[in-house]
Amino acid sequence: MMFRKLLMTMSGALVMGAFACSSDETPANPPPAEERPLGDGTREQANVKSGEEAVRKRKCQDCHTKNQGTMAGSTEPLTDKNDPRAKLYPPNLTPDIETGLGDPNDPDLGKRGHTDESLAVAIRTGFDRDNLQLCPQMKHDATMSDFEVYSIIKYLRSLPPVKNKVPRSVCPPLKPEE
Numbered sequence: 002m003m004f005r006k007l008l009m010t011m012s013g014a015l016v017m018g019a020f021a022c023s024s025d026e027t028p029a030n031p032p033p034a035e036e037r038p039l040g041d042g043t044r045e046q047a048n049v050k051s052g053e054e055a056v057r058k059r060k061c062q063d064c065h066t067k068n069q070g071t072m073a074g075s076t077e078p079l080t081d082k083n084d085p086r087a088k089l090y091p092p093n094l095t096p097d098i099e100t101g102l103g104d105p106n107d108p109d110l111g112k113r114g115h116t117d118e119s120l121a122v123a124i125r126t127g128f129d130r131d132n133l134q135l136c137p138q139m140k141h142d143a144t145m146s147d148f149e150v151y152s153i154i155k156y157l158r159s160l161p162p163v164k165n166k167v168p169r170s171v172c173p174p175l176k177p178e179e
């Protein structure tokens, strides 16, 4: 009888403790990528090897290496089985000044190329430096760590520049989920 009373008391305390620790509030979502500055120490910690591993893990090369075996994009359109109207031309992600991401040492990089910050926003949000949505087929991840983002950028910046002018993609809006 005493054991039963002890068990009931402990069960009640456990239930009350669970309610005391719960909350009606939903956990805060991370701020949008454009509002999340990349950490100061992250640039130094990021490395090419980790970036290459992240690119492979995320399968970026499946689209961005179609023509030349590099991250130089594709001049042949990729098809989207869900939408035959789409003509997807993955862009050149090499540091070519004219047709790629641009040279990070170029003082005018922000005008004609992509800064590390604009690349980070694109990787995290799926929007380019002009705030235009990238094709929805481009996977983005707002929760990606600064280390992973900067490592990917460092890897892309380490590639040899490849001159490969890629046409603009035609990306119809995604069909609503049914």
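For any residue, its number in this note's numbering is found by taking its place in the sequence shown, counting from 1, and adding 1. Heads up, the beta-carbon is just placed ideally off N, CA and C, and yes, glycines get one too. The structure displayed is predicted, hence computed values, not measured ones.
Beta-ladder partner(s) of residue i, from DSSP
i: residue 89; result: 79
i: residue 128; result: 134
i: residue 171; result: 88
Rounded straight-line distance, which links the Cα of residue j to that of residue i
i: residue 48; j: residue 146; result: 13 Å
i: residue 132; j: residue 120; result: 12 Å
i: residue 43; j: residue 100; result: 28 Å
i: residue 55; j: residue 72; result: 14 Å
i: residue 74; j: residue 64; result: 7 Å
i: residue 164; j: residue 66; result: 13 Å
i: residue 117; j: residue 106; result: 11 Å
i: residue 84; j: residue 60; result: 21 Å
i: residue 162; j: residue 79; result: 22 Å
i: residue 139; j: residue 57; result: 14 Å
Cβ-Cβ distance between residue i and residue j below 8 Å
i: residue 110; j: residue 170; result: no
i: residue 142; j: residue 125; result: yes
i: residue 150; j: residue 92; result: no
Contact set for residue i: own chain, Cβ-Cβ below 8 Å, skip 5 residues either direction
i: residue 102; result: 93, 94, 95, 96, 114, 115, 120, 157, 158
i: residue 160; result: 71, 72, 94, 95, 96
i: residue 98; result: 104, 107, 113, 114, 162
Contact set for residue i: own chain, Cβ-Cβ below 7 Å, skip 5 residues either direction
i: residue 136; result: 89, 170, 172
Beta-carbon contacts of residue i that lie in its chain and below 6 Å, excluding the five residues immediately before and after
i: residue 154; result: 117, 120
i: residue 52; result: 152, 153, 155, 156
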